[in-house]
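Enquirer: Numbering (the numbering used here), first residue to last: 82 to 293.
Backbone N, C-alpha and C define an ideal beta-carbon position, used for all residues, glycine too.
Keep in mind the model is a prediction, meaning the values are calculated, not measured.
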């Protein structure tokens, strides 16, 4: 029988979601994210060493703007500040980036839909909503690299990682969630994802699978 779910590791890419200072240990920390940061860093280094693509997906809110997910829209319109573009809180932790990468993000370009390269096959992409596929070039970037398997980790499983996994599956990507490199995981949430074919794994198993 055909196997449409098992990861195709030589054609995989890492999608690391919303790992930004404000969500790690800044203005609006998400429980468990700081604890998972070492695992995220180890996972990112493994994909980098394997020469596989890495996508850092980020979000930002300019105080007063309205192009915001509904649950936060009123707060941001009223001036609330979190991951404000250009502030340290919106930045990616240094340990997740290549050693020689400039950690400064070009927010004007990113928020206009641009992609910022931070390594040979490592990129930053801005998303305006939950899913990393919504109003972004992620799908095109993955297909340009013949990626068939999307490996997701990062911040706050119930929101952006989950939405990204659903959208990846709808685009016929094989999907993997790295549970120990993702915050806000629970057995119930992981079980729900298996019902749509998401494979769950951990950093050690993924490193073995990609050879690093």
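Name the two residues that bound the continuous beta strand (DSSP E) containing residue 196.
Expert: Counting from one through the chain shown, the residue named residue 196 turns up at place 115. First-last of the beta strand (DSSP E) with residue 196: 196-200.
Enquirer: Residue ranges of each beta strand (DSSP E) run of no fewer than 3 residues wholly in the segment 212-238, ordered along the chain?
Expert: Those beta strand (DSSP E) runs which fall completely within the segment 212-238 and span 3+ residues are 230-235.
Enquirer: My output table needs one value for residue 255: the three-state DSSP class, helix, strand or coil.
Expert: Position 174 of the chain shown holds residue 255. Residue 255 falls in the strand class under three-state DSSP.
Enquirer: Could you spell out the range, first to last residue, of the alpha helix (DSSP H) harbouring residue 97?
Expert: The residue labelled residue 97 in the question sits at position 16 within the chain shown. Looking at the DSSP string, residue 97 is not in any alpha helix (DSSP H); the run it does join, the beta strand (DSSP E), is 93-98.
Enquirer: For residue 123, list the residues DSSP reports as bridge partners.
Expert: One-based indexing of the chain shown puts residue 123 at position 42. Here residue 123 is not bridged, per DSSP, to any residue.
Enquirer: For residue 269, report the span of its beta strand (DSSP E) as first-last.
Expert: Start at 1 with the first residue of the chain shown, and residue 269 comes out as number 188. From DSSP, residue 269 is part of no beta strand (DSSP E) but of the alpha helix (DSSP H) over 268-275.
Enquirer: Strictly by DSSP, which residues pair up with residue 102?
Expert: Indexing the chain shown from 1 puts residue 102 at position 21. In the DSSP output, where bridge partners are listed per residue, residue 102 has none listed.
Enquirer: Measure the beta-carbon distance from residue 136 to residue 96 and round it to whole angstroms, keeping in mind my assumption that it falls under 8 Å.
Expert: Within the chain shown, the letter at position 55 stands for residue 136. Within the chain shown, the letter at position 15 stands for residue 96. At roughly 5 Å, the Cβ-Cβ gap stays under 8 Å, so residue 136 and residue 96 are in contact.
Enquirer: What are the residues that DSSP puts in a beta bridge with residue 282?
Expert: Position 201 of the chain shown, counted from the first residue, corresponds to residue 282. BP columns for residue 282 point to 259.
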